[in-house]
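Protein chains in written order, with our numbering: chain S, -5 to 109; chain Z, 472 to 585.
Don't be surprised by glycine CBs; every beta carbon is placed ideally from N, CA and C.
Down below is the structure, laid out as structure tokens.
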Amino acid sequence: KAGVTQTPRYLIKTRGQQVTLSCSPISGHRSVSWYQQTPGQGLQFLFEYFSETQRNKGNFPGRFSGRQFSNSRSEMNVSTLELGDSALYLCASSPRGGRGTDTQYFGPGTRLTVL
Amino acid sequence: DQQVKQNSPSLSVQEGRISILNCDYTNSMFDYFLWYKKYPAEGPTFLISISSIKDKNEDGRFTVFLNKSAKHLSLHIVPSQPGDSAVYFCAASGDGAGANNLFFGTGTRLTVIP
């Protein structure tokens, strides 16, 4: 079974621009979660989508948004980019999501650099 | 507010010996715990998990121990191999923490010396 894929792998943007990142979950997985990893803050939860609905959201500003399509693929959008948005953005999929006993499997991440 | 803490940023161990990585948590609602291994420029790879109804789970060279009263878990790797050198993250989730929201520790960099 193919793993979680994320595109693009690397991205360079300038302040004020917007960016869209894409994630394809493992086949059959319906839950997709997004995380931000920075050296100072570690891995932080952004949001989770299940059956095209955002089910849970972390403590990030409204500039961070996402969506999920009927095939479970997900996109994450960041508008009005700030220097502090430079990070590794990780997507994880799990079969059902929901209660915590559902293991999440991560993609390789998208490295976003904001200049 | 860091709900999952890994207080040792790094650990060095000789090949063949035991590696013990520790993790503490503060949220008593957490009931599922996971360990992930991460190489540079890659996403975390799931290693092993444990539900709060157990106090030990073993998978090959990897064993996770959970002490709920102390809100502490540990990952034992025996014997350690050079290929185990990576950053290890513990993560937790559960009711009250938000469905499918994993809270991660800041990671411990393990170096296994040949």
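Note on the region 1 to 80 of chain S: there is no whole alpha helix (DSSP H) run with a minimum of 4 residues.
For E46 (chain S), the CB contacts under 8 Å within the same chain, skipping 5 residues up- and downstream, are R61, Q62, F63 and S64 in chain order. The Cβ of T577 (chain Z) sits closer than 8 Å to at least one Cβ of chain S.
Cβ neighbours of L537 (chain Z) within its own chain (closer than 6 Å, five residues either side excluded): I521, D526 and L544. A residue is called buried once 16 or more other Cβ atoms fall within 10 Å of its Cβ, and N71 (chain S), having fewer, is exposed. Distances from the CA of S80 (chain S) to each of S:F100, S:I6 and S:S16 were compared; the closest alpha carbon is that of S:I6.
V108 (chain S) has S:K7 as its beta-bridge partners, per DSSP. If you compare the alpha carbons of Z:D555, Z:F574 and Z:L573 with that of T582 (chain Z), the shortest gap goes to Z:D555.
Taking a beta-carbon distance threshold of 8 Å, N498 (chain Z) does not count as an interface residue toward chain S.
Under the three-state reduction of DSSP output, D472 (chain Z) falls in the coil class, being neither helix nor strand. Excluding the 5 residues flanking it on each side, T14 (chain S) has same chain C-beta neighbours closer than 6 Å at E69 and N71, in chain order.
Between the beta-carbon of Y510 (chain Z) and that of A557 (chain Z) there is about 5 Å, and that keeps the pair under the 8 Å contact cut.
Taking 8 Å as the cut-off, the Cβ atoms of P480 (chain Z) and T579 (chain Z) count as close.
For D495 (chain Z), the secondary structure class from DSSP, reduced to helix, strand or coil, is strand.
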